[in-house]
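S.K.:
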Amino acid sequence: MSRIERWSPLAGVAAVALWIVGLAISDAPDTSTNKTDAEILSVYQHHSNQIIAASWLFMLGCVCFFWFAGMVRSRLVEAENGTNTFSTLAFGGAVAAAVFGIGTMGGQMAVAINKNDVSPATAGALTHLSDAFFIGVEMTLIVLFVAVAVASFRTRVFPKWWAVLLLIVAVVLVIGPIGWAAVIFATPIWTLGTAWMLLRPGGPRPQVAPAAA
């Protein structure tokens, strides 16, 4: 394993750090409030630079998550020993989640950049569009967590208890009204925990599955 591959799981740590910082400094309009479109546009006009910076950091976090997902896929491929079914599903889910995650910030960043050229209706629509992308994140994470859990049960690439927790998180994601909590809390915890497992000396070492005939 090259030095780059050895330390690449730190991309997961970087992803979580960038997500937290981006959300912490963001002053974008809260879609859960009853602000009018004109009030939403006013927020962008007064805090555009802060919103752009925060959105950019969050999206960079999604790019780091993409890189991290590649490292997880490599470990799953090694464990599956040729079939690659669940490693492919997990990576596909992670990539889709990262793309949707970038989309959650794309609309508000576009409004902040063009704050003096967009109408209040456009500002409101693009701001609320983030909710649609968030649902996309929620749905695609189900694929990621279930695939990693199944691969872990089959090959022990990650501990069995970790796989059980992933299945519980996947169930929470399926339940729409509370699925947001799994996105906001469980995803960063999974990312940090998995990064630690990949980085720690000697682990995880999978029981390689029999090669497909």
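Okay, so the sequence shown: first residue is 25 according to this note's numbering, each after it adds one.
Note that CB positions come from ideal geometry on N, CA and C, so glycine has one too.
On a predicted model such as this, the values are computed, not experimentally measured, just so you know.
In three-state DSSP terms, what is residue 182?
M.R.: coil
S.K.: For residue 182, does the count of other Cβ atoms within 10 angstroms reach 16, so buried, or fall short, so exposed?
M.R.: buried
S.K.: I need the DSSP call for residue 236, collapsed to helix, strand or coil.
M.R.: With a pLDDT of 48 at residue 236, under the threshold of 50, the predicted position of this residue should be treated as unreliable, though the coordinate-derived value follows. Residue 236 falls in the coil class under three-state DSSP.
S.K.: Give a yes or no on whether 8 Å exceeds the smallest Cβ distance from residue 189 to chain D.
M.R.: The displayed structure is made up of one protein chain only, and chain D is not part of it.
S.K.: Near residue 81, what residues of its chain come up, given a Cβ to Cβ distance below 7 Å and the 5 sequence neighbours on each side ignored?
M.R.: 42, 45, 46
S.K.: Considering just the uninterrupted stretch of the alpha helix (DSSP H) at residue 106, what are its terminal residues?
M.R.: Segment: none, residue 106 is in no alpha helix (DSSP H) and carries neither H nor E.
S.K.: Where residue 112 and residue 193 are concerned, what is the direct C-alpha to C-alpha distance, given to the nearest angstrom?
M.R.: 20 Å
S.K.: Taking all protein chains shown into account, do 16 or more other C-beta atoms lie within 10 angstroms of the C-beta of residue 53, making it buried, or fewer, making it exposed?
M.R.: buried
S.K.: So the candidates are 166, 66, 56, 34; which of them puts its Cα closest to the Cα of residue 145?
M.R.: 66
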